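Residue numbers (the UniProt record's numbering): 1 to 403. Each residue gets a CB set at the ideal place from its N, CA and C atoms; glycine is no exception. This structure is a prediction, so every number in the text was calculated from the model and none was measured. Following: one structure in structure tokens, then a few remarks.
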Ligand SMILES: [Fe+2]
């Protein structure tokens with residue numbers, strides 16, 4: 001079967017031809033077919049062409065765990081690659097009612113690091129707030145990457161507004177920052193027409209999935225998250241303004257970030273022939289940390305990969321860049337390996353978002369991302385109970401209830 005003549009009878013045995021590659025953006029077509037649910041478990045897609053081999057790998061990487069990739073050498077030194085759409089096993093940790101107390105919530109999170117609450121009516125937001133530490137312990141994005149507006153008539157904030165056409169890479173919410181939430185809640189107000197799953201990943205398993213060489217390379221080492229800020233809001237090239245933290249000058253902003261524990265550098269860069277003041281903030285974070293007896297990979301390193309920012313930000317400077325402690329850039333090969341390790345640790349917890357679904361994560365156990373989608377989607381986020389990394393006896397641990 002060819003891409004140009006798909007039929008409604010499954011399983012498909014689709015073979016990508018040179019003709020397909022010449023006439024259309026095959027990857028985008030396959031992506032759309034996947035999101036809209038047209039590629040079904042049991043369907044096979046094969047390729048004998050070098051260009052489309054890469055496309056099949058990309059497809060399997062975009063929807064981790066949903067395809068089995070195999071390769072076969074042929075007599076004429078060519079290679080045949082195939083992806084088989086599979087139904088991954090689902091780990092169900094679903095409840096119809098909210099827990100009675102925070103202790104009960106912790107119990108429900110203890111085995112898998114996540115819990116899904118599913119009912120016909122919206123869950124009580126006041127009760128959710130209490131469960132994650134109370135109103136005093138809610139965390140806002142004031143010092144994070146993007147200021148977020150609140151969803152109308154709700155205590156939840158909008159999730160990050162990245163393009164619906166792209167995936168959002170796995171990350172632990174705000175773990176590139178000095179303090180971050182222990183609990184992260186996602187509430188589905190409106191599911192997308194197709195796709196838009198909030199993907200979740202086991203951070204302990206992600207570390208185990210790394211090669212021993214990679215584990216040795218990053219264990220006990222730090223990564224520096226670097227961010228550039230300028231005065232002007234909505235600058236064409238720079239994404240962040242110090243006005244977003246209500247600083248009236250670069251000196252105000254330096255005082256703010258140094259107080260939080262960041263290292264600040266103020267210098268000038270050339271912007272279209274004019275020098276412009278740039279304030280760079282730097283913060284060393286662990287690659288690996290210990291939490292509740294587990295060795296976990298800090299997935300926020302993956303979420304800040306330069307190749308992803310190039311894809312979603314175009315000519316704008318990346319929001320974050322990553323360096324070793326000696327200020328050399330992190331190699332992209334390492335980031336790809338870490339991305340693969342995290343994605344291999346994906347937890348399948350439901351078929352798709354339904355209205356009123358509430359997903360609560362232990363942000364240190366489980367990383368999250370988002371798949372591309374079609375149509376409108378409204379999922380709100382609420383975060384509570386501060387945690388922070390602490391270096392203790394040669395390893396990074398997490399202080400769970402820092403306040
Ligand atoms: Fe996030």
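May I have the straight-line CA-CA distance separating residue 74 from residue 58, to the nearest angstrom? About 22 Å.
I'd like to know if the region 103-115 and the region 67-86 are in contact, where contact means that at least 3 CB-CB pairs between them fall below 8 Å. With a cut-off of 8 Å, the region 67-86 and the region 103-115 do not count as touching, because too few Cβ pairs lie within range.
What residues in its chain sit with their C-beta under 7 Å from that of residue 148, if we drop five residues either side in the sequence? Excluding residues within five positions, the ones whose Cβ falls inside 7 Å are 141, 157 and 158.
Quick check: does the Cβ of residue 173 come within less than 7 Å of any heavy atom belonging to ligand 1? Yes, since a heavy atom of ligand 1 falls inside the 7 Å radius drawn around the Cβ of residue 173.
Please look up how many angstroms separate the CB atoms of residue 367 and residue 181, rounded, as I've assumed it's under 8 Å. With a Cβ gap of about 13 Å, residue 367 and residue 181 do not count as contacting.
Around the C-beta of residue 60, are 16 or more other C-beta atoms found within 10 angstroms, so that it is buried, or is it exposed? The residue is buried, with at least 16 neighbouring Cβ atoms inside 10 Å.
Quick check: the Cα distance between residue 373 and residue 30, rounded to an integer number of angstroms? Going by C-alpha positions, residue 373 is about 13 Å away from residue 30.
Report the residue from 120, 5 and 198 whose alpha carbon sits nearest the alpha carbon of residue 96. Nearest option by C-alpha distance: 120.
The beta strand (DSSP E) enclosing residue 410, as first and last residue numbers: Since the displayed the chain opens at 1 and closes at 403, residue 410 lies outside it and no answer follows.
When the Cα of residue 229 is compared with those of 212, 223 and 239, which residue comes out closest? Residue 239 is the option with its Cα nearest to residue 229.
Suppose contacts are defined by Cβ-Cβ distances below 8 Å. Is residue 138 in contact with residue 314 by that definition? Residue 314 sits away from residue 138, with the two beta carbons spaced by 8 Å or more.
Say whether the region 271-278 touches the region 346-363, bearing in mind that this needs 3 or more beta-carbon pairs closer than 8 Å, one atom from each stretch. The region 271-278 and the region 346-363 do not touch, with fewer than 3 CB-CB distances between them shorter than 8 Å.
Round the Cβ separation of residue 285 and residue 176 to the nearest angstrom and send it over; I've been treating them as touching at under 8 Å. 6 Å between Cβ atoms; contact.
Between the beta-carbon of residue 397 and the beta-carbon of residue 262, is there less than 8 Å? It is not a contact, given that the beta carbons lie outside the stated cut-off.
What do you reckon, are the CB atoms on residue 379 and residue 63 nearer than 8 Å? No, Cβ-Cβ distance for residue 379 and residue 63 is not below 8 Å.
Ligand 1 heavy atom lying under 7 Å from the CB of residue 199: For residue 199, the CB stays at least 7 Å from every heavy atom of ligand 1.
Looking at C-alpha atoms only, which residue of 65, 237 and 9 is the closest neighbour of residue 269? Here the closest residue by C-alpha is 237.
Does residue 63 come out as helix, strand or coil in the three-state DSSP assignment? Taken through DSSP and simplified to helix, strand or coil, residue 63 comes out as coil.
Who pairs with residue 194 in a beta bridge, going by DSSP? Beta-bridge partners of residue 194 (DSSP): 374.
Assuming residue 371 contacts residue 94 under a Cβ cut-off of 8 Å, what Cβ separation, rounded to an integer in Å, is found between them? Taking 8 Å as the upper bound for CB-CB distance, residue 371 and residue 94 are not in contact here, some 20 Å apart.
Alpha carbon to alpha carbon, how far is residue 45 from residue 12? Give it in angstroms, no decimals. When rounded, the distance between both Cα atoms is 8 Å.
Return the first residue and the last residue of the beta strand (DSSP E) that residue 114 is part of. From DSSP, the beta strand (DSSP E) with residue 114 extends over 114-117.
Option in 162, 306 and 215 with minimal Cα separation from residue 297: The candidate whose alpha carbon is nearest that of residue 297 is 215.
When burial is assigned at 16 or more other CB atoms within 10 Å of the CB, is residue 332 buried or exposed? Looking at its Cβ environment, which holds fewer than 16 other Cβ atoms inside 10 Å, residue 332 is exposed.
Starting from residue 218 and walking both ways along the alpha helix (DSSP H), at which residues does that stretch end? Where residue 218 is concerned, the enclosing alpha helix (DSSP H) stretches over 212-218.
If you compare alpha carbons, which of 364, 92, 128 and 310 is closest to residue 299? For residue 299, the nearest C-alpha among the options comes from 364.
With respect to the alpha helix (DSSP H) encompassing residue 207, which residues constitute its N-terminal and C-terminal limits? Residues 203-209.
At a cut-off of 7 Å, is residue 274 close to ligand 1 when judged by its beta-carbon and the heavy atoms of the ligand? Because no heavy atom of ligand 1 lies under 7 Å away, the Cβ of residue 274 does not count as near it: no.
Backbone secondary structure at residue 307 - three-state DSSP: It is helical.
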